[in-house]
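Going line by line, the protein sequences match chains A and B.
Numbering that gives the first Met the number 0 puts the first residue of the first sequence at 0, with every later residue one more than the last.
Numbering that gives the first Met the number 0 puts the first residue of the second sequence at 0, with every later residue one more than the last.
As structure tokens, the structure follows; a few thoughts come after it.
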Amino acid sequence: MAFDRLFNLGFDLVTSISVLALVSVGLAITFGMRGIINLAHGEFIMLGAFATLTGVRNGLNTWVAMLAAAVAVGVFGIIVERLLIRWLYARLADTMLATWGLSLVMVQVIENIYGSVTEGIAVPVGDFSVGNYSMSTYNVVLMGAAVACVLVTYAVMRHTRYGLHARASVQSPSMAESLGVNTSRINMWTFGFGASLAGAAGAVLAPLVGVIPTMGQTFVARSFMTVIVGGPAFVAGPVSASGLLGFIENVSTNLFTPVIGQAMLLIAAIVILRFLPQGLTGQRSLR
Amino acid sequence: MNAGTARFRSQQAGSARGSVRNDTAAAAAAFAVVAVLANLVEEFTAFEWTLWATQAILALSLTLVWGQGGIFSLGQAAIYGVGGYTYGFWAINLADNTGETMSAVLAAVAAGTIVAALLGYFMFYGNVTDVYVAIITLATSLVLFAFVNSTSGTAYRIGDAPFGGYNGMTRIPRLTVRLPGAESYMLTRTQFFLVCAAAGLVIAVVIRVIARRPFGRVSVALQHNELRTELLGYDVRRHKLALFTVGGAIAGFAGALFAAWGRFISPPVFSLAPAALVVIWVLVGGRTSVAGAFVGVLVVKGFSSWFGGASGDNEPIVLGLLLIVIVLALPGGIVPSLGRTRSRISRFLASRSRASAADAPVPSQNLDRVLEVLSDTGSEDRGHRIAVRGVTKQFGGLAAVNDVTLAFPSRGVSCLIGPNGAGKSTLLALLSGQLRTTSGAVTLDDHDLTKWHPYRRARGGVGIKLQVASIYKALTARENLWLACYAKSRSIESARTRSSELLEWLGLSDDAERPAGTLSHGQQQWLEVGMVVAGEPSVVLLDEPTAGMTRDETERTAALVAQLGERASVIVVEHDMEFVRRLDAPIAVLHMGSLFAQGSFEQLSRDERIIDIYLGGRHADAASE
Numbered sequence: 000m001a002f003d004r005l006f007n008l009g010f011d012l013v014t015s016i017s018v019l020a021l022v023s024v025g026l027a028i029t030f031g032m033r034g035i036i037n038l039a040h041g042e043f044i045m046l047g048a049f050a051t052l053t054g055v056r057n058g059l060n061t062w063v064a065m066l067a068a069a070v071a072v073g074v075f076g077i078i079v080e081r082l083l084i085r086w087l088y089a090r091l092a093d094t095m096l097a098t099w100g101l102s103l104v105m106v107q108v109i110e111n112i113y114g115s116v117t118e119g120i121a122v123p124v125g126d127f128s129v130g131n132y133s134m135s136t137y138n139v140v141l142m143g144a145a146v147a148c149v150l151v152t153y154a155v156m157r158h159t160r161y162g163l164h165a166r167a168s169v170q171s172p173s174m175a176e177s178l179g180v181n182t183s184r185i186n187m188w189t190f191g192f193g194a195s196l197a198g199a200a201g202a203v204l205a206p207l208v209g210v211i212p213t214m215g216q217t218f219v220a221r222s223f224m225t226v227i228v229g230g231p232a233f234v235a236g237p238v239s240a241s242g243l244l245g246f247i248e249n250v251s252t253n254l255f256t257p258v259i260g261q262a263m264l265l266i267a268a269i270v271i272l273r274f275l276p277q278g279l280t281g282q283r284s285l286r
Numbered sequence: 000m001n002a003g004t005a006r007f008r009s010q011q012a013g014s015a016r017g018s019v020r021n022d023t024a025a026a027a028a029a030f031a032v033v034a035v036l037a038n039l040v041e042e043f044t045a046f047e048w049t050l051w052a053t054q055a056i057l058a059l060s061l062t063l064v065w066g067q068g069g070i071f072s073l074g075q076a077a078i079y080g081v082g083g084y085t086y087g088f089w090a091i092n093l094a095d096n097t098g099e100t101m102s103a104v105l106a107a108v109a110a111g112t113i114v115a116a117l118l119g120y121f122m123f124y125g126n127v128t129d130v131y132v133a134i135i136t137l138a139t140s141l142v143l144f145a146f147v148n149s150t151s152g153t154a155y156r157i158g159d160a161p162f163g164g165y166n167g168m169t170r171i172p173r174l175t176v177r178l179p180g181a182e183s184y185m186l187t188r189t190q191f192f193l194v195c196a197a198a199g200l201v202i203a204v205v206i207r208v209i210a211r212r213p214f215g216r217v218s219v220a221l222q223h224n225e226l227r228t229e230l231l232g233y234d235v236r237r238h239k240l241a242l243f244t245v246g247g248a249i250a251g252f253a254g255a256l257f258a259a260w261g262r263f264i265s266p267p268v269f270s271l272a273p274a275a276l277v278v279i280w281v282l283v284g285g286r287t288s289v290a291g292a293f294v295g296v297l298v299v300k301g302f303s304s305w306f307g308g309a310s311g312d313n314e315p316i317v318l319g320l321l322l323i324v325i326v327l328a329l330p331g332g333i334v335p336s337l338g339r340t341r342s343r344i345s346r347f348l349a350s351r352s353r354a355s356a357a358d359a360p361v362p363s364q365n366l367d368r369v370l371e372v373l374s375d376t377g378s379e380d381r382g383h384r385i386a387v388r389g390v391t392k393q394f395g396g397l398a399a400v401n402d403v404t405l406a407f408p409s410r411g412v413s414c415l416i417g418p419n420g421a422g423k424s425t426l427l428a429l430l431s432g433q434l435r436t437t438s439g440a441v442t443l444d445d446h447d448l449t450k451w452h453p454y455r456r457a458r459g460g461v462g463i464k465l466q467v468a469s470i471y472k473a474l475t476a477r478e479n480l481w482l483a484c485y486a487k488s489r490s491i492e493s494a495r496t497r498s499s500e501l502l503e504w505l506g507l508s509d510d511a512e513r514p515a516g517t518l519s520h521g522q523q524q525w526l527e528v529g530m531v532v533a534g535e536p537s538v539v540l541l542d543e544p545t546a547g548m549t550r551d552e553t554e555r556t557a558a559l560v561a562q563l564g565e566r567a568s569v570i571v572v573e574h575d576m577e578f579v580r581r582l583d584a585p586i587a588v589l590h591m592g593s594l595f596a597q598g599s600f601e602q603l604s605r606d607e608r609i610i611d612i613y614l615g616g617r618h619a620d621a622a623s624e
């Protein structure tokens with residue numbers, strides 16, 4: 000096989016993995032840290048895409064619109080946490096149902112505002128070619144965004160006071176509280192942070208996918224599988240799982256069809272969980 | 000939870016056979032009313048009702064799986080879709096030849112059963128729990144959605160029936176019956192409705208009956224404390240698989256009726272909206288209530304057509320808000336909430352007559368008989384020798400138990416002591432099967448238990464009382480013991496008698512009807528010991544049986560342990576040295592995961608090294624915690 004063909008395949012593969020990492024890192028924060036099953040995660044991504052679209056339509060520079068979208072979805076996440084989620088901590092199934100209700104409402108409200116047709120955002124950069132293959136430079140941006148999101152998450156969780164308090168609140172909420180950590184406030188920021196990462200994912204993906212109100216559905220299952228397969232480590236988990244599942248999805252998509260690629264991702268995830276119930280990074284936890 | 004508990008209680012109190020008769024009568028009455036109405040209204044109205052009936056059957060499948068078994072499945076609608084497509088394939092290909100579509104309904108039921116069994120196997124045998132089940136079932140639906148959506152074109156077909164891609168499968172035959180030797184007969188719309196309604200009511204009654212059988216009681220127990228249920232000897236995973244598979248059969252059946260009703264099925268049946276709708280029906284009606292399935296379907300239908308606008312465009316908003324409001328304000332659902340008000344009244348009335356009930360004599364109170372059953376059959380050598388050979392348990396880089404070889408006698412008390420973090424509880428967990436060994440073997444007489452699951456070890460005679468009392472806190476003391484006794488005897492009646500005897504033996508008769516969570520700390524510990532004893536174990540593992548007990552309670556526990564030791568091999572982990580001294584039993588000392596010393600209390604208390612590790616160990620632990 001010629002180098003250019005190999006390069007193209009590899010490029011494609013890394014793109015798939017980056018998309019998975021991008022859509023799941025925000026979920027890993029809310030699910031991994033606070034045990035919140037946010038079924039509206041896909042709709043947060045959708046909201047990020049629509050926010051970008053709105054910004055671009057109103058004359059904002061595309062990159063600025065993307066950043067603004069991430070912030071806007073983060074603010075929306077904080078509002079949702081205060082109004083809805085904070086009543087439901089430690090009630091797993093209930094959070095799931097409530098956020099599901101939220102996702103139904105969000106899809107319909109956006110559809111009422113924007114209609115259900117596909118909206119496009121122009122890809123802000125061009126192409127480059129290696130040998131006979133032409134590839135989109137934007138995919139490089141996508142990879143960069145995925146790496147940036149992971150690094151920012153890691154840095155925030157490891158090196159800020161908020162990150163320390165957040166990790167403490169996960170391990171022992173009552174102990175953290177008695178040491179003077181306002182866990183309720185921490186929960187609010189954590190949910191907002193996760194939402195803003197979802198918004199960023201939606202913003203970055205907006206030029207590549209059809210921006211439609213139901214686009215969240217395509218991401219929610221994949222991102223949940225990635226997070227579960229990844230296990231409890233909130234950075235290493237989604238990254239390792241994205242690598243593995245992204246590889247499986249990409250290879251089977253290339254060999255067969257995108258639908259079979261999605262199915263293989265799911266089947267692989269279920270089989271992995273059958274033998275590693277705690278996920279890829281779960282083996283280090285005691286008991 | 001509360002509703003489930005209330006149901007559990009009423010099941011135990013009421014006469015089971017009478018309740019079955021009541022349920023059947025209620026269902027028959029409901030059917031009579033519906034039948035009369037169906038013949039009074041236009042045929043088209045009955046046609047519309049048919050859809051609701053199939054939806055109620057779908058909702059019932061979730062009531063069974065989620066309400067009774069605590070398995071939060073979001074895949075019921077997808078299984079319904081699989082049933083619908085299967086009916087379509089079968090009927091389109093074969094109806095012309097056979098002149099009936101009943102076999103297609105059976106095929107749909109089979110398809111639902113198979114899909115649920117496969118999915119259930121991977122989930123439950125992979126120990127996937129709670130919300131993970133929800134996510135996996137949901138993801139499965141969405142993959143099915145993507146797959147079926149992409150099947151347009153003539154390449155995707157089974158026989159004469161194309162999948163149809165996003166347009167769906169059309170021209171599905173209606174429900175047609177044909178008795179042997181008779182002409183085939185296509186049901187009228189009203190008749191079809193009556194068939195669906197009758198099927199729904201029959202399934203509802205069957206679910207009520209299952210709930211009252213031991214199978215249903217174990218399902219409730221499972222929801223409250225899965226670990227304890229397994230340690231009592233119930234095969235938890237098989238139980239969940241069975242429940243989920245039956246749910247799949249019901250959903251597949253409902254799907255067949257749906258396809259026969261609309262003569263059409265399309266991919267959106269696998270999408271998020273129907274999956275959500277099923278949950279909303281059951282949640283609104285009340286997930287623990289069979290009637291709730293029917294009420295939920297009707298109420299949600301009413302709500303969404305009332306507020307959703309004529310075009311139905313805003314239906315998702317209504318449903319979404321309904322979901323949020325129910326979760327925040329009425330988590331139990333409508334029907335159980337009505338029941339709660341009613342039962343509060345009946346409880347008030349009952350409290351008037353309780354005094355006389357409490358004075359009723361307990362059927363059997365022969366203490367010796369309780370102890371006799373421990374050694375059963377009377378043969379003196381029935382105790383088993385449990386042993387570990389070179390076992391190691393690694394947690395990451397830490398060896399919590401490191402190459403320990405120990406054999407316990409078939410009868411009598413043995414003690415296991417050591418400072419915090421010595422690996423005592425880990426060793427007990429390796430004996431009971433909660434943890435798997437990293438290397439080494441666990442044996443019971445000549446059997447190798449190393450790969451046995453906890454429920455198998457429990458059936459083989461290994462019972463454990465955990466460090467933090469693991470009981471069903473929401474169930475009464477009597478129900479706790481009943482579940483433990485039934486795990487062994489598999490007989491409703493003998494379990495009832497045995498649990499009364501055990502209550503007497505434990506001195507809990509006066510508190511038998513209180514939720515176990517409201518008992519005192521010491522009583523909860525005894526209750527758990529009683530549940531272990533109920534399994535007639537030959538090896539009893541007790542992890543800190545006196546934790547949190549008063550001096551008086553500790554002394555009574557010492558007597559109780561000595562009694563047990565006369566019949567079985569009792570292994571006690573304890574920190575209270577006074578208690579250990581009183582037991583006057585051979586002692587093994589663990590330190591840093593390894594076997595450190597063995598001997599009698601007298602011998603060990605003269606050993607300087609042991610005093611060292613205890614005092615030194617304590618200080619080191621305090622610093623590292």
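Beta carbons are placed, not taken as given, at the ideal position from N, Cα and C, and that holds for glycine.
If you drop the 5 nearest sequence neighbours on each side, which residues of the same chain put their C-beta closer than 8 angstroms to that of VAL132 (chain B)?
-> Stepping through the second sequence from its first residue, residue 132 (chain B) is reached at position 133. Annotation for VAL132 (chain B): ILE70, PHE71, SER72, MET122 place their beta carbon closer than 8 angstroms to its own, counting only its chain and skipping 5 residues before and after.
Where ILE323 (chain B) falls, given that 16 or more other Cβ within 10 Å makes a residue buried = For the purposes of this step, residue 323 (chain B) is taken as residue 324 along the second sequence, with counting starting at 1. Buried.
Flag this pair as yes or no: are the beta carbons of ILE109 (chain A) and MET45 (chain A) separated by less than 8 angstroms?
-> Residue mapping note: residue 109 (chain A) aligns to position 110 of the first sequence, counting from 1. Residue mapping note: residue 45 (chain A) aligns to position 46 of the first sequence, counting from 1. Yes, Cβ-Cβ distance for ILE109 (chain A) and MET45 (chain A) is below 8 angstroms.
Any chance the CB of TYR161 (chain A) is under 7 angstroms from a heavy atom of the ligand ZN?
-> Looking at this structure, you won't find the ligand ZN or any other ligand, since it has none at all.
What residues from the segment 101–117 of chain A come within 9 angstroms of chain B, judged by C-beta to C-beta, listed N to C?
-> Under the 9 angstroms Cβ criterion, the segment 101–117 of chain A contributes LEU101, SER102, LEU103, VAL104, MET105, VAL106, GLN107, VAL108, GLU110, ASN111.
Within its chain, find whatever has a CB closer than 6 angstroms to the CB of THR175 (chain B); leave out the 5 residues flanking it on each side and keep chain order.
-> The count along the second sequence starts at 1 and reaches residue 175 (chain B) at position 176. Around THR175 (chain B): GLU99, THR100, SER183, MET185.
Where the beta strand (DSSP E) through MET134 (chain A) begins and ends = Taking the first residue of the first sequence as 1, we reach residue 134 (chain A) at position 135. Element bounds for MET134 (chain A): 132–135.
Check whether the Cβ atoms of VAL296 (chain B) and GLY66 (chain B) lie closer than 8 angstroms to each other.
-> The residue you call residue 296 (chain B) lines up with position 297 of the second sequence. The residue you call residue 66 (chain B) lines up with position 67 of the second sequence. In this structure, GLY66 (chain B) does not lie closer than 8 angstroms to VAL296 (chain B) by Cβ.
What separation, rounded to the nearest whole angstrom, lies between the Cα atoms of TYR153 (chain A) and ALA20 (chain A)?
-> Taking the first sequence and counting its residues from 1, one reaches residue 153 (chain A) at position 154. Taking the first sequence and counting its residues from 1, one reaches residue 20 (chain A) at position 21. Here the alpha carbon of TYR153 (chain A) sits roughly 13 angstroms from the alpha carbon of ALA20 (chain A).
Residues in its own chain within less than 6 angstroms of TYR155 (chain B) by CB, not counting five upstream and five downstream?
-> By one-based count along the second sequence, residue 155 (chain B) stands at place 156. Excluding residues within five positions, the ones whose Cβ falls inside 6 angstroms are PHE162.
Tell me where the alpha helix (DSSP H) around HIS223 (chain B) begins and ends.
-> By 1-based counting over the second sequence, the position of residue 223 (chain B) is 224. First-last of the alpha helix (DSSP H) with HIS223 (chain B): 213–223.
PHE243 (chain B) to ILE134 (chain B), Cα distance in whole Å?
-> Within the second sequence, numbered from 1, the residue matching residue 243 (chain B) stands at position 244. Within the second sequence, numbered from 1, the residue matching residue 134 (chain B) stands at position 135. About 15 angstroms.
Exposure label - ALA328 (chain B); buried when at least 16 CB within 10 Å | Here residue 328 (chain B) refers to the residue found at position 329 when the second sequence is read from its first residue. It counts as exposed.
Could you give the distance in angstroms between the alpha-carbon of ASP611 (chain B) and the alpha-carbon of ASN419 (chain B)?
-> Within the second sequence, residue 611 (chain B) is the residue found at index 612, counting from 1. Within the second sequence, residue 419 (chain B) is the residue found at index 420, counting from 1. Between ASP611 (chain B) and ASN419 (chain B), the C-alpha separation is close to 14 angstroms.
Selected residue, minimal CA-CA separation from MET32 (chain A), among A:THR280, A:MET214, A:PHE233, A:VAL24 | On the first sequence, residue 32 (chain A) is found 33 positions in, with the first residue counted as 1. Considering only alpha carbons, the answer is A:PHE233.
Start-to-end residues for the alpha helix (DSSP H) that takes in GLN523 (chain B) = Counting from one through the second sequence, the residue named residue 523 (chain B) turns up at place 524. Element bounds for GLN523 (chain B): 520–533.
Taking only runs that begin and end inside the segment 37–81 of chain B, name each unbroken alpha helix (DSSP H) of 4 or more residues, in chain order.
-> Qualifying alpha helix (DSSP H) stretches, in chain order: 42–61.
In the structure shown, what three-state DSSP assignment does PHE89 (chain A) receive?
-> Here the question's residue 89 (chain A) lines up with position 90 in the first sequence. Checking the sequence shown, residue 89 (chain A) turns out to be Ala, not Phe. In the displayed model, ALA89 (chain A) falls within coil according to three-state DSSP, outside both helix and strand.
For PRO315 (chain B), does the count of other Cβ atoms within 10 angstroms reach 16, so buried, or fall short, so exposed?
-> Translated into positions along the second sequence, residue 315 (chain B) becomes position 316. Buried is the label assigned to PRO315 (chain B), since at least 16 other Cβ atoms lie within 10 Å of its Cβ.
My guess is that ALA27 (chain A) and ALA50 (chain A) are in contact by the Cβ rule of under 8 angstroms, so how many angstroms apart are they, rounded?
-> In the first sequence, residue 27 (chain A) corresponds to position 28, counting from 1. In the first sequence, residue 50 (chain A) corresponds to position 51, counting from 1. Not confirmed; about 22 angstroms, so no contact.
What are the boundary residues of the beta strand (DSSP E) that includes GLN466 (chain B)?
-> Residue mapping note: residue 466 (chain B) aligns to position 467 of the second sequence, counting from 1. No beta strand (DSSP E) holds GLN466 (chain B); DSSP gives it neither H nor E.
Any chance the segment 59–76 of chain A sits against the segment 190–197 of chain A, with 3 or more Cβ pairs inside 8 angstroms?
-> Pairwise C-beta distances place the segment 59–76 of chain A in contact with the segment 190–197 of chain A, as three or more of them are shorter than 8 angstroms.
TRP99 (chain A) at chain B interface by Cβ criterion, 8 angstroms | Walking along the first sequence from the start, residue 99 (chain A) turns up at place 100. Output row for TRP99 (chain A): interface = yes.
Run the CB neighbour count on ASN249 (chain A), radius 10 Å, all protein chains shown included, and call it buried at 16 or more, exposed below.
-> Reading the first sequence from its first residue, position 250 is the one you call residue 249 (chain A). A residue is called buried when at least 16 other Cβ atoms come within 10 angstroms of its Cβ; ASN249 (chain A) meets this threshold and is buried.
Closer than 7 angstroms by C-beta to GLU543 (chain B): which residues in its own chain qualify, once you throw out the five before and the five after it? Chain order, please.
-> By 1-based counting over the second sequence, the position of residue 543 (chain B) is 544. Excluding residues up to 5 positions away in sequence, GLN466, VAL572, GLU573, HIS574 lie with their Cβ nearer than 7 angstroms to the Cβ of GLU543 (chain B) in the same chain.
So is ASP225 (chain B) buried or exposed if we call it buried at 16+ other beta carbons inside 10 Å?
-> One-based indexing of the second sequence puts residue 225 (chain B) at position 226. One detail in the question is off: residue 225 (chain B) reads as Glu in this sequence, not Asp. Classification of GLU225 (chain B): buried, given that the 10 Å Cβ count is 16 or more.
What residue from B:VAL403, B:TYR79, B:ALA196, B:THR436 has the CA that sits closest to VAL268 (chain B)'s CA?
-> Sequence index remark: in the second sequence, residue 268 (chain B) carries index 269 (1-based). The candidate whose alpha carbon is nearest that of VAL268 (chain B) is B:TYR79.
Drop a sphere of 10 angstroms on the beta-carbon of LYS450 (chain B), count the other beta-carbons inside from all chains shown, and report buried for 16 or more, exposed for fewer.
-> Along the second sequence, one-based indexing puts residue 450 (chain B) at 451. Flag for LYS450 (chain B) reads exposed.
Inter-residue Cα distance where the pair is ASP129 (chain B) and SER133 (chain A) | On the second sequence, position 130 is the one that residue 129 (chain B) refers to. On the first sequence, position 134 is the one that residue 133 (chain A) refers to. Just so you know, the alpha carbons of ASP129 (chain B) and SER133 (chain A) end up roughly 46 angstroms apart.
Determine the chain A residues that contact ASN126 (chain B) at a beta-carbon separation under 7 angstroms, and present them in chain order.
-> Residue 126 (chain B) sits at position 127 when you count from the first residue of the second sequence. Residues of chain A with a Cβ closer than 7 angstroms to the Cβ of ASN126 (chain B) are, in chain order, PRO276.
Closer than 8 angstroms to chain B by CB, VAL258 (chain A) | On the first sequence, residue 258 (chain A) is found 259 positions in, with the first residue counted as 1. True, the Cβ-Cβ gap to chain B drops below 8 angstroms.
Along chain B, in chain order, which residues have C-beta atoms closer than 7 angstroms to that of LEU323 (chain A)?
-> Not covered by the structure: residue 323 (chain A). The range shown for chain A is 0 to 286.
Would you kindly work out how many angstroms separate the C-alpha atoms of GLY162 (chain A) and TRP481 (chain B), rounded to a whole number?
-> For the purposes of this step, residue 162 (chain A) is identified with residue 163 of the first sequence, where counting begins at 1. For the purposes of this step, residue 481 (chain B) is identified with residue 482 of the second sequence, where counting begins at 1. Spanning the alpha carbons of GLY162 (chain A) and TRP481 (chain B) requires a straight line of approximately 48 angstroms.
Where does ASN401 (chain B) sit, in a helix, a strand or coil, going by DSSP?
-> Numbered from its first residue, the second sequence carries residue 401 (chain B) at position 402. Note: ASN401 (chain B) maps to strand in three-state DSSP.
TRP504 (chain B) versus GLY17 (chain B) - alpha carbon distance | To locate residue 504 (chain B), count along the second sequence from 1; it is residue 505. To locate residue 17 (chain B), count along the second sequence from 1; it is residue 18. Looking at the backbone, the Cα of TRP504 (chain B) and that of GLY17 (chain B) are separated by about 32 angstroms.
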